[in-house]
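Numbering (the numbering used here), first residue to last: -7 to 160. Here is the structure we will look at, set down as structure tokens.
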Ligand SMILES: Cc1cc2nc3c(=O)[nH]c(=O)nc-3n(C[C@H](O)[C@H](O)[C@H](O)COP(=O)(O)O)c2cc1C
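Encoded structure:
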């Protein structure tokens, strides 16, 4: 483990401010745990490898959703479109049934809950989970992809949702 000298210590507020400037796409990770659909909003999604096809996300160790989702035999990554800020907020809210109406979803042939009307689904088998800092790094082996409504994505920047505006 790298030693952190006092002069290198990072002020948490400044750290958050700086990282909030990094715009990120928004996904909802979904899976079935003991027959119940579970899912959470994440901006930490990334592609990792093409061959083999691997993707990743980071999840907070304190996530109660992850405590269930980690038992899922498969998981889905739902890439959100620009009009789905409400859905993203819903899947980050505690104490609500995230899959109740108006959330529109279905079970795929493997029993993985997938959200309707998103840009795309990335279907995964759990590959590797590593403890790293106060998060887990979760790597998935991609078993399939579905382009659902591949329009403009939902983005998250400085604590707000927004849409992508291409140059030209
Ligand atoms: C835009 C946005 C991005 C988020 N990204 C992540 C993430 O990458 N990893 C994570 O663990 N939580 C992330 N969260 C938080 C979780 O969605 C949320 O805290 C969690 O589902 C609620 O806690 P619970 O899992 O205990 O129910 C994000 C929330 C929002 C609104």
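Built from N, CA and C at the ideal position, the CB exists for glycine as well.
If I measure Cβ to Cβ from residue 111 and keep anything under 8 Å in the same chain, skipping five residues before and after, which residues do I get?
Along the chain shown, read from residue 1 onward, the residue named residue 111 stands at position 119. Cβ neighbours of residue 111 beyond the five flanking positions: 71, 72, 73, 139, 140, 141, 142, 143 and 145.
Looking at residue 239: is its Cβ nearer than 8 Å to the Cβ of residue 83?
There is simply no residue 239 to check, as the chain begins at -7 and stops at 160 in what is shown.
Quick check: what's the CA-CA separation for residue 29 versus residue 80?
Start at 1 with the first residue of the chain shown, and residue 29 comes out as number 37. Start at 1 with the first residue of the chain shown, and residue 80 comes out as number 88. Residue 29 and residue 80: Cα-Cα distance of roughly 16 Å.
I'd like to know if the stretch 34 to 53 and the stretch 8 to 24 are in contact, where contact means that at least 3 CB-CB pairs between them fall below 8 Å.
yes
Does the distance between the C-beta of residue 7 and the nearest non-hydrogen atom of ligand 1 fall short of 7 Å?
As a first step, residue 7 must be located in the chain shown, where it is residue number 15. Outside the cutoff, so no.
Given the structure, does residue 35 come close to ligand 1, in the sense that its CB is under 7 Å from one of the ligand's heavy atoms?
As a working mapping, residue 35 is identified with position 43 in the chain shown. Yes, Cβ of residue 35 sits closer than 7 Å to a heavy atom of ligand 1.
Can you give the Cα-Cα distance for residue 97 and residue 118, rounded to whole angstroms?
The sequence position of residue 97 within the chain shown is 105, counting from 1. The sequence position of residue 118 within the chain shown is 126, counting from 1. Going by the C-alpha atoms only, they are around 21 Å apart.
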